[in-house]
Amino acid sequence: GAVVSQHPSRVICKSGTSVKIECRSLDFQATTMFWYRQFPKKSLMLMATSNEGSKATYEQGVEKDKFLINHASLTLSTLTVTSAHPEDSSFYICSATQGGVSTDTQYFGPGTRLTVL
Amino acid sequence: AQKVTQAQTEISVVEKEDVTLDCVYETRDTTYYLFWYKQPPSGELVFLIRRNSFDEQNEISGRYSWNFQKSTSSFNFTITASQVVDSAVYFCALSENNQGGKLIFGQGTELSVKP
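Line by line, the protein sequences are chains A and B. Here the first sequence is numbered in the working numbering, starting from 1 and rising by one per residue. Here the second sequence is numbered in the working numbering, starting from 1 and rising by one per residue.
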């Protein structure tokens, strides 16, 4: 149980294009999903918290107009990197909580490696 | 302010050795949760354990054991008889009760187990 998938696993795009990353909870309903960014050899940085049916809460310093998050259902959240630039290249990881309490254990997806040329 | 420190950036051991990964945390909250995750080269974070602040009992799961000491604000992780498959980056993380589930991660410890 508690399986989270991400798609795509790897994407290469040209500068200026937009990229959408999907995060799905496969065997449970996720009221809350989280989006993280990880640079090589670094820890995970929380970008935003996504609650089903409401606007995402972004961490300080994260541009909400650049990183659009939609959590339209209890099993799907999407992160769209708009007008991507090389500095947006990174490893993006989502997580989801299984229970109804946001402090429940977060289960992570396999990550999406984004390369912007 | 909340903070998690994993002072060991890299550890290298030979197979079958025991190894302890240190984790020290800071929080002002009385209710909080501590986690360990494993990140193998594939990148996916694998959940290992969750412990709440009111449960100081140590836990053992196979070759893995955890030592939670509130007096020293530490939540150390020991792997007994390490194996090559244990090679990964291990993250310790903290979640406070009033922060909506936000996880604060340590810097991670890269464990290399050599045959």
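Where a beta carbon is used, it is the ideal one built from N, C-alpha and C, also for glycine. It should be emphasised that the depicted structure is a prediction, and the values quoted were computed from it without experimental measurement.
Below 8 Å on the Cβ atoms is my guess for residue i versus residue j; work out the distance and round it to an integer in Å.
{"i": "F108 of chain A", "j": "V4 of chain A", "result": "6 Å"}
{"i": "L74 of chain A", "j": "E52 of chain A", "result": "5 Å"}
{"i": "Q2 of chain B", "j": "T27 of chain B", "result": "5 Å"}
{"i": "T115 of chain A", "j": "S89 of chain A", "result": "5 Å"}
{"i": "R50 of chain B", "j": "F68 of chain B", "result": "That pair is no contact at about 11 Å."}
{"i": "F28 of chain A", "j": "M47 of chain A", "result": "With a Cβ gap of about 22 Å, F28 of chain A and M47 of chain A do not count as contacting."}
{"i": "Q107 of chain B", "j": "T9 of chain B", "result": "7 Å"}
Pull up the distance between the alpha-carbon of residue i and that of residue j, whole angstroms please.
{"i": "N109 of chain B", "j": "D22 of chain B", "result": "The sequence as given places Thr at residue 109 of chain B; Asn does not occur at that position. In a straight line, the C-alpha of T109 of chain B is about 9 Å away from that of D22 of chain B."}
{"i": "T72 of chain B", "j": "L111 of chain B", "result": "24 Å"}
{"i": "E87 of chain A", "j": "F54 of chain B", "result": "42 Å"}
{"i": "F47 of chain B", "j": "G16 of chain A", "result": "36 Å"}
{"i": "E44 of chain B", "j": "P110 of chain A", "result": "4 Å"}
{"i": "R10 of chain A", "j": "L117 of chain A", "result": "14 Å"}
{"i": "G100 of chain B", "j": "T78 of chain B", "result": "29 Å"}
{"i": "E22 of chain A", "j": "P8 of chain A", "result": "7 Å"}
{"i": "G61 of chain A", "j": "V81 of chain A", "result": "15 Å"}
{"i": "R113 of chain A", "j": "Q6 of chain A", "result": "11 Å"}
{"i": "K82 of chain B", "j": "A93 of chain B", "result": "Reading off the sequence, residue 82 of chain B comes out as Ser, not Lys. Going by the C-alpha atoms only, they are around 22 Å apart."}
Run the CB neighbour count on residue i, radius 10 Å, all protein chains shown included, and call it buried at 16 or more, exposed below.
{"i": "K102 of chain B", "result": "buried"}
{"i": "E63 of chain A", "result": "exposed"}
{"i": "S83 of chain A", "result": "exposed"}
{"i": "A30 of chain A", "result": "buried"}
{"i": "I60 of chain B", "result": "exposed"}
{"i": "H71 of chain A", "result": "buried"}
{"i": "T97 of chain A", "result": "buried"}
{"i": "L26 of chain A", "result": "exposed"}
{"i": "A7 of chain B", "result": "exposed"}
{"i": "E17 of chain B", "result": "exposed"}
Which residues in the same chain have their Cβ closer than 6 Å to the Cβ of residue i, if we skip the five residues on either side of it in sequence?
{"i": "P40 of chain B", "result": "A88"}
{"i": "S50 of chain A", "result": "M33, A56, I69, H71, S77"}
{"i": "S65 of chain B", "result": "T78"}
{"i": "V14 of chain B", "result": "K114"}
Beta-carbon within less than 7 Å of residue i's beta-carbon, same chain only, minus the 5 sequence neighbours each way: which residues are those?
{"i": "I93 of chain A", "result": "Y36, Q38, L44, F108, G109, G111"}
{"i": "V24 of chain B", "result": "T5, S73, S74"}
Given residue i, which residues of its chain have a CB within under 8 Å of its CB, disregarding the five upstream and five downstream residues?
{"i": "E56 of chain B", "result": "F68, Q69, K70"}
Using a Cβ-Cβ cut-off of less than 7 Å, give me the residues of the region 38-64 of chain A that come near chain B, in sequence order.
-> S43, L44, L46, T49
For the region 92-111 of chain B, which residues have a beta carbon sitting closer than 7 Å to at least one beta carbon of chain A?
-> S95, N97, G100, G101, K102, L103, F105, G106, Q107, G108
Which residues, taken in chain order from the region 44-71 of chain B, show a beta carbon closer than 7 Å to some beta carbon of chain A?
-> E44, L45, F47, R50
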